[in-house]
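Using the working numbering, read the sequence shown as starting at 17 and increasing by one per residue. Here the structure is laid out as structure tokens; the discussion comes afterwards.
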Amino acid sequence: MLESEKLIQIVQAWLSYIRLEELTQAEVERGSEGFPNVFSDNVRLVGNKLLLSSELFKQFQQQQQAAINRDKPNEFQIAAAFPQIYLVQGRGKEQKLKYLPLFTIDISKIFQGRYRKTGWDLTEFEFQPVIVNLMRLYGLEEEVAESLIVTEGIFKFLEDTWQRKFPSLHDFIDQVDLPEGKYKTGRQPYLLRCDFSPYNVQLKQDLRDILKQRFDTPDNCKWLVDNHPALEYICNSPLPPDSEVMFWGAFPSHAPDSFQASALKHAQHNPITAVHGPPGTGKTELFLHLVAQQVVKRALRIVRGEEDASNLTLFASTNNSAIQKFQQRLFEKFPTEHFYLDGGSQGVIRRSTLPKLQSCLDWLRTTEFNHETWEQAKLDLLSAENEIQQLIEQDRFNESQQTANAEQLSQLDAQIQSLNNEIAAINEKLQLHQEQSSSLGDYADFPSYAYQQIKEGLLRAERELPHVSDSITKRAFDWINFTTDKLVFKRLANRVNAAVLNTLATAHPFQLPLDREGLAASQTEVNQKLDSSQQWQNINPKVTEIKTHLTTLNQQLESKQTHHQQLQTQLDSYPDEDFYSRFYRDYHSQQVELFQRAFSFLQQETLRCKDKVMQAVETYGSALTGDGDALLKLETEPENIYRHLSLIFPVISSSLQSVRNMLPTLHSNSIALALADESGTTLIHQLFPLLVRSKQAVVAGDPKQIEPIINLCDDTIKQYLKTAFLEQGMTNEDYYRYAPTAKYTATAYHRAAGANGTEGDLGTGIVLRNHYRCAAPIIQFCSPNYPGGLQILSNYDSSAQYPHLLAYHVEGSHVNNTNPEEIDAIEAFLTSYIADDKDNSKTIGVISPFLQQANALRYRLSNRERQNFSWNDIGTVHTFQGGEKAAIILSPYQCHQEHSFWFLNRKPNLLNTAVSRARELFVLVGNLEELKRAGGETKRLVEHIEQHGEIRSTNS
């Protein structure tokens, strides 16, 4: 956990940065007589000395003392500036004078001392260039403005900027060329208040209140605990997403893809979720689903009888285009009056927020609560929840069945394999027996009985034949009976004649022997045949038995194979992905229905609690107008008021700088869910007060797009590192993690994603990789900027005849920091392009990386007669961050080899942003040869258009 002292140092460093921003603000409104911001009377410059009247000095000294008495000494900040350059806007009572300082000299500390009639030497005070006005009024290029030197004193700065020396500051006022045209000027000094900047006033107050809470009531700092988004933002890195997480509810738009679902899952149980969203990957859709889930959670808590709590979701960004896109998508898909409260500046509050609150009160007063309708809405919600729950249970049953089926299939595989092995072995045995049977095939009709008789006859004949070895008795018997060989063989023939006849019609006919040798041979033959016959008789039943066994085994195999096929068919019917990888897609329509019924129920719940809701709305509306009693009530009962307010307005939007306008008191956990977009262009400190107010946060952005705008020169930034960090006991590592000026390592996105402060480290945010917006040839240029690339899923006609990428070669020149040839070529292209767009359906944006070129394009093109093509359609690349157009035309301005292309090529972010603003057509108009020769991203862009688009001449 971060040390408490370190946290204080970081917040104080952020306040120091705001001070620099206030000293360098580009426009300072003069204000009214009662509340002036600019003081020109009784202010003179003699040589290098500032002279003030004693009355003016006393006035400022009293204001400073009042700030000290309020324990807010830093609230008082006065600077000197000269010469006077201002714009007059409006007429009559609406007229405003806006001063444009070229630099400011902070003289706040002189009011801590005594009045000096002789004045104060301004060269002894800190000064800051206002580089926006130096570029705007004197044409300084961005690279020159960034490299201005401030540490060597104001005279060095004046010499470098105007390329001449000035003996004194008064000489500078007298001799410097003043801008003409729409600007009013005067060669006099003036003082301006630098502590009221509308851009920073709310943010600065929040940061001061955070410090005050930390010092005065540290035990009540509910945000200064582990697992709170504010502390996680400062200290830790987000945990990796868990895939086995369920969420309830979906907005009526596209179902989340797998990357968006990963972020939605992470947001269910983590205090802060960082989402890296490249262009066109669905960050807004992700936010809308989160809104729906907050509504569903609240409604289900109530119907289940659980403790009710606010579901207030606040969407915020420093980018107005992002807020407008969120509003547009919200109303497109869910056009309901009492759901979303747009807010921000006091002007928006007056024009939109307060009228919506009043409309809400009118509706509550005239709409009666009906218990039956409430009960039905409750039943409808529970029915929608039950339907999804049943689907989940069925799915889980199917998963268990799938597991059982898979186990059965595995067992069947083993059984089938065993049967196949057994059948193969038996077939082999059968084959052997069949081969033996085949070799004995002649014995199928063998006359066994006849041959047995013949065998016996042959044995008797053998015994009857006289032998030398016979006994005397045998010999005597043979002599008496006249037994001879001939007689023996004759008797043999008589004895076996019938048997021999029975063999003649078979394959084994027997021939009677006629002598002793024939008898022996016949005996051998008969014995062999009888043995073979016996073998055949033994084999045949075995073959039959084996065949019967094989039939049984094959029947078993067929049965198991049929079962196997049935199981496999069943398994093939199950989804390939597990439940957690597809529920958000398969049950999207049910999730949308759940959200819609949850909203309907909360409307009825609003009517049931209408008295409390009306009190909350009235208190909140009054607090927005600055009513003291309402603010006190909001201070003491924030949970109660926001709980009832969020019943009818669960979603609020605001710019990050105006969050305090919408939530006037700094209370931890007053927001259930904070949604922050375009955090890659958001300074680190701008997000922190919103996180302090929140229970959970989802922070989305793209650090590969344009970085935050820091209107400070490099020398000032070095001084800021030294004074706000190193001299306060912090380190270089702390600077690159927490400094607003560390725009490549410490944006709000970097911090939310837990980046370590080294350039190139983007932390552990969840990356959205599916791109849905731009035509493929356009976004293919941007895809390599993202490790692993983007999966391009855009709906576009790949067979279209027209190209999506065009480049026009223009030699170009530089005249007063503009490139008139590029402007001419762009105007000519627009004439042709607009003529082809008969129904004015194609929105067009014209951009340049350089302010002077963008302004020149504005002046030339904004007067063209074309519907929906206005001043706001032309600007710098920075002004188009977060926006999109059907067609984008880029004027790079740089066109000569001696010019530095470093501003375009130092990071891929600038061209990545420029190209990805175009949905259907991107057009590059510039010196293509020099852009290629410069290398880096400009070369890659030209070569990409050569490969995937068309290079055209300006005459075509």
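Using N, Cα and C, we set each Cβ at its ideal position, and we do this for glycine too.
Whose C-alpha, out of the options, is nearest the C-alpha of residue i?
i	options	result
ASN236	GLU843, LEU682 and LYS759	LEU682
GLY108	PRO117, LEU68 and SER48	SER48
LYS948	GLU962, LEU937 and GLY293	GLU962
GLN913	ARG317, ILE890, ALA934 and GLY942	GLY942
GLN553	SER455, SER487 and CYS251	SER455
ILE839	GLU110, TYR909 and ARG314	TYR909
SER124	LEU316, LYS576, THR134 and GLU140	GLU140
ARG598	PRO272, LYS626 and LEU707	PRO272
VAL512	ILE470, LYS628 and ASP531	ILE470
PHE355	GLN362, THR369 and GLY363	THR369
LEU219	LEU957, PHE704 and GLU621	PHE704
GLN427	HIS186, PHE385 and HIS579	HIS579
GLN81	ILE439, ARG532 and ARG130	ARG130
GLY534	GLN550, VAL504, GLU444 and ALA95	VAL504
ARG789	HIS483, GLU936 and LEU207	GLU936
LEU809	SER799, GLN817 and PRO257	SER799
GLN631	HIS660, ILE562 and GLU651	HIS660
LYS281	PRO295, PRO793, ASP258 and GLY293	ASP258
GLU38	ALA29, GLY298 and PHE212	PHE212
GLY296	TYR812, LEU873, GLY804 and HIS787	HIS787
If you follow the alpha helix (DSSP H) that residue i is in, where does it begin and where does it stop?
i	result
GLU419	The sequence shown places Thr at residue 419, not Glu. Start and end: 387 to 455.
ARG230	217 to 232
LYS341	336 to 349
ASP273	ASP273 -> no alpha helix (DSSP H), and no H or E assigned at all.
GLU634	626 to 640
LYS372	370 to 382
ALA332	Unbroken run through ALA332 is the beta strand (DSSP E), 329 to 333; no alpha helix (DSSP H).
Where does residue i land, buried or exposed, given buried means 16+ other C-beta within 10 angstroms?
i	result
ALA97	buried
LEU737	buried
TYR249	buried
TYR33	buried
ASN85	exposed
ALA646	buried
HIS387	exposed
PHE55	buried
THR757	buried
LEU475	exposed
GLY696	buried
ASP547	exposed
HIS960	buried
Please go through the same chain and pick out, in chain order, the residues whose beta-carbon is closer than 8 Å to the beta-carbon of residue i, but skip the five residues on each side of it.
i	result
THR522	ASP461, PHE462 and PRO463
PRO145	THR40, LEU118, PHE119, ALA161, LEU164, VAL166, PHE173, THR177, CYS729 and THR732
GLU21	none
LEU587	GLN418, ASN421, ALA422 and LEU425
MET17	Low confidence applies to MET17: its pLDDT is 44, below 50, so where it sits in the model is not reliable enough to give any reading.
GLU159	SER916, TRP918 and PHE919
Can you give me the start and stop residues for the beta strand (DSSP E) that residue i sits inside?
i	result
LYS720	Looking at the DSSP string, LYS720 is not in any beta strand (DSSP E), and its letter there is neither H nor E.
GLU1007	The requested residue 1007 does not occur in the structure, where the chain is confined to residues 17 to 972.
ALA903	901 to 906
ILE94	94 to 97
ARG209	206 to 209
PRO145	143 to 145
Excluding the five sequence neighbours on either side, which residues of its own chain have a C-beta within less than 6 Å of the C-beta of residue i, listed in chain order?
i	result
SER69	ASN58
GLY360	SER670, SER671 and SER674
GLU966	PRO819 and LEU822
GLU609	ALA400
ILE555	HIS449, GLN452 and SER453
Leaving out five residues before and five after residue i in sequence, what residues of the same chain have Cβ atoms less than 7 Å from its Cβ?
i	result
LEU618	VAL311, ARG314, ALA315 and LEU663
ASN925	LYS720, GLN721, ILE722 and GLU723
HIS27	Correcting the residue identity first, residue 27 is Val in this sequence and not His. Within the same chain, VAL27 has close Cβ partners LEU223, ILE226 and LEU227.
Could you name each continuous alpha helix (DSSP H) segment of 4 residues or more that falls completely within the stretch 554 to 599, going from the start of the chain to the end? none
Write down every uninterrupted run of the alpha helix (DSSP H) in the stretch 480 to 518 whose length is 4 residues or greater and which is fully enclosed by it, in chain order. As far as the stretch 480 to 518 is concerned, its whole alpha helix (DSSP H) runs of at least 4 residues are 488 to 496.
Enumerate, from N- to C-terminal direction, the unbroken alpha helix (DSSP H) stretches of 4 or more residues contained entirely within the stretch 708 to 757. List check, alpha helix (DSSP H) in window: 730 to 736 and 748 to 754.
What are the uninterrupted segments assigned as alpha helix (DSSP H) that are 4 or more residues long and contained completely in the stretch 823 to 897, given in chain order? 836 to 852 and 867 to 877
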